[in-house]
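Down below is the structure, laid out as structure tokens.
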Amino acid sequence: MNKPLRILFATPEAVPFAKTGGLADVAGALPKFLHPLGCEVILVMPYYRMVKRSGFPLQYLGEEIEVPLGDETLRAEVYQGYLDKNIPVYFIGRDEFFDREYLYSTPKGDYFDNAERFVFFTRAVLHLARHIQFSPDVIHHHEWQTGLIPAYLKSIYGNDPLFGRTATVFTIHNIAYQGLFKKEKLSLTGLPPEMYNPEGIEFWERINLMKAGIVYGDAINTVSQKYSEEIQNPEYGYGLEGILRKRRKDLYGILNGVDYQDWDPSHDPHLIARYDLNDLSGKKECKKDLLKEYGLPLSLEKAPLLGMISRLADQKGFDLLAEIIDELFTFDIGFVLLGTGEQKYHDLFSRIAQKYPQKAGIRIAYDDRLAHKIEAGADLFLMPSKYEPCGLNQIYSLKYGTIPVVRATGGLDDTITHFDPSTGIGNGFKFARYDSKDFLNQIKTAMGLYAQPERWTKLIRNAMASDFSWQRSAEAYLQLYRKALEKKRGTS
Ligand code: ADP
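The working numbering applies: residue 31 is where the sequence shown begins, and numbers increase by one.
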């Protein structure tokens with residue numbers, strides 16, 4: 031019998047407390063599915079302004095912990111809440127670093143002191159574990175913001191009995207964001223200077239926090255099998271492909287699951303009408319409601335409605351969309367977009383809204399309620415991403431019978447099977463080359479099928495029957511934790 035594993039999740043964001051992207055969904059859901067598999071899980075994340083103002087009942091733990099940063103020792107306040115009743119969440123508070131409008135960057139760019147903020151957070155995670163005497167079997171840490179954890183366990187904290195048996199699992203959700211800082215920032219970390227070399231955390235004369243997670247972690251994974259292969263090549267690896275190839279024996283791909291408690295049209299509280307596989311009629315109501323929400327004419331009810339929900343970033347393929355948008359609007363379609371991000375895309379979509387007021391609904395905002403309404407009310411969901419580690423929106427779309435048109439990359443490729451009308455197999459449409467004509471062709475193919483109600487309904491049913499629940503992924507993570515522990519035992 032395997033004994034229960036004690037897992038410490040170190041994450042820069044988690045639903046429902048603070049979110050900028052898919053990582054928050056993962057950190058907020060996976061622990062809940064690990065618990066029934068016999069894991070004891072705690073989460074540690076920063077106490078952002080967003081958390082402070084969230085209204086969640088959090089308890090101040092009373093004492094501050096001391097956290098070394100460079101030559102100084104700073105204090106952190108600790109708050110505690112729960113993900114659900116079995117999973118405590120500890121929040122590391124220090125207003126100077128976390129009481130800000132955004133998490134990592136403003137629309138103008140990254141916060142100037144992100145190194146200080148997240149080196150502080152990372153060390154605070156370890157000092158919190160000491161403070162509450164939580165001796166983890168595994169620290170499962172996420173993204174560059176926590177990348178240094180295994181570097182610390184292999185150096186400064188190497189002799190701490192609390193972490194004597196602790197293995198690390200590092201999850202890369204997006205390799206394009208690496209936490210790159212000037213080499214002078216090395217002194218902030220307190221790590222031994224020997225770690226600053228090309229086999230360690232140096233990256234072209236800078237420090238790279240994500241690289242630390244890759245180099246020193248016991249096991250590494252990304253959020254889809256395809257992405258774990260792609261990032262070993264220069265096109266996708268953003269300079270870390272070499273080091274990833276070196277570690278490929280310890281590099282895994284585990285697809286994110288979906289929390290169907292939150293994302294299921296049969297019980298989604300945000301929708302005007304509910305629907306499921308057996309009765310799709312509610313989806314039509316949701317479409318009308320969505321058109322109203324965007325102030326679009328109800329005459330679009332019969333036309334295919336194309337939806338997008340996204341961070342407005344280059345990664346998401348908006349340049350392809352920009353190239354085809356005028357041609358797209360020559361068709362009888364509606365288009366709704368929800369997103370925030372880079373200013374150039376705010377401008378692009380404002381222009382589109384002005385040019386096509388009868389067809390295009392644009393909302394530059396972050397709005398969870400509206401995201402649910404789009405998933406339900408749209409007919410097609412567009413994700414022409416340049417790269418996509420996993421992607422969640424296409425998986426939500428499947429559940430809502432909103433057919434994804436995606437580029438075959440990363441998790442998009444792993445979750446979407448191209449629909450073949452002759453066999454009736456498939457749950458969406460895919461194109462391989464990063465090319466706007468191919469994208470447009472697939473939208474046209476989808477629209478052609480939309481005009482054939484029987485086939486379209488078959489496709490909707492296929493999509494809604496696709497299952498990407500967390501259960502399966504949580505089991506895969508459990509196996510990964512055990513592999514990391516074996517690795518740790520073999521090497522320590
Ligand atoms: P990424 O993590 O690269 O942003 P994912 O598809 O993995 O992309 O996850 C994005 C998550 O963030 C989804 O849950 C999506 O619904 C949500 N999201 C993104 N932009 C918005 C927005 N403007 N409003 C509401 N939710 C959003």
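Glycine is no exception: its CB is placed at the ideal position from the N, C-alpha and C atoms.
Just so you know, these numbers come straight off a predicted model, no measurement behind them.
Sub-8 angstroms separation of residue i and residue j beta-carbons
i	j	result
L73	A57	yes
I122	L158	yes
M413	G407	no
K346	S427	no
I250	P166	no
T50	V149	no
P334	D409	yes
A106	R130	no
F498	G287	yes
L113	P180	no
T198	I169	yes
G431	L310	yes
F361	M477	yes
Q208	Y268	yes
F348	Y375	yes
A40	V119	no
L270	K241	yes
F88	G111	The sequence as given places Leu at residue 88; Phe does not occur at that position. Cβ distance < 8 angstroms, so L88 and G111 count as in contact.
P295	K429	yes
Residue(s) in a DSSP beta bridge with residue i
i	result
R485	In the DSSP output, where bridge partners are listed per residue, R485 has none listed.
Q110	Q89 and Y120
T12	Summary: the structure shown does not reach residue 12, with the chain confined to residues 31 through 522, and so no result is reported for it.
E232	I237
S496	S496 is not bridged to any residue.
Own chain residues within Cβ distance below 7 angstroms of residue i, not counting five before or after
i	result
P419	H203, N204, T252, V253, S254, Y257, G440 and G441
S84	F47
F526	An answer regarding residue 526 cannot be provided, because it is not within the stretch 31 to 522 covered by the chain.
Separation of residue j from residue i, as counted between CA atoms
i	j	result
Q388	V366	11 angstroms
G454	I490	11 angstroms
I231	L133	24 angstroms
R278	G364	45 angstroms
Y282	E259	9 angstroms
I244	I273	8 angstroms
K33	V71	14 angstroms
L285	G456	19 angstroms
I80	H300	A quick correction: the sequence has Met, not Ile, at residue 80. Whole-angstrom Cα-Cα distance: 22 angstroms.
K488	D280	40 angstroms
S340	R399	14 angstroms
E43	R275	28 angstroms
R236	Y246	17 angstroms
E96	H171	21 angstroms
M75	W174	14 angstroms
Q424	P434	6 angstroms
I473	D289	28 angstroms
S522	K215	Any reading at S522 is ruled out, since the residue's pLDDT is 46, under 50, leaving its predicted position unreliable.
K212	Y77	26 angstroms
Y386	N471	21 angstroms
G337	F411	5 angstroms
K313	Y305	6 angstroms
L508	A383	47 angstroms
D140	N308	47 angstroms
E224	I186	12 angstroms
R512	T196	11 angstroms
Close beta carbons around residue i, own chain, < 6 angstroms, minus the five adjacent residues each side
i	result
K460	V436, A438, I446 and H448
Y90	Y109
K184	Y246
A54	E43, A44 and V45
P451	R485
For residue i, the first and last residue of its enclosing alpha helix (DSSP H)
i	result
F469	S466 to Y480
I261	Careful: I261 lies outside any alpha helix (DSSP H) and carries neither H nor E.
Continuous beta strand (DSSP E) stretch holding residue i: start and end
i	result
E70	C69 to P76
V168	V168 to H172
Y282	L281 to G283
R36	L35 to A40
I433	I433 to R437
I392	A390 to I394
K460	F459 to F461
F63	From DSSP, F63 is part of no beta strand (DSSP E) but of the alpha helix (DSSP H) over G52 to L64.
Contacting residues, own chain, Cβ-Cβ under 8 angstroms from residue i (five flanking each side not counted)
i	result
E372	P137, L342, A343 and D344
D25	Outside the displayed span of the chain (31 to 522) sits residue 25, for which this structure offers no information.
M31	At M31, the pLDDT of 47 sits below 50, so the modelled position is not reliable; the number obtained from the coordinates is stated separately. Same-chain partners within the cutoff: there are none.
L510	V199, A249, N251, Y282 and I284
I117	P61, K62, H65, V71, I72 and L73
beta-carbon residue i near the ligand MG non-hydrogen atom, thresh 7 angstroms
i	result
S496	The ligand MG is not part of this structure, which contains only the ligand ADP.
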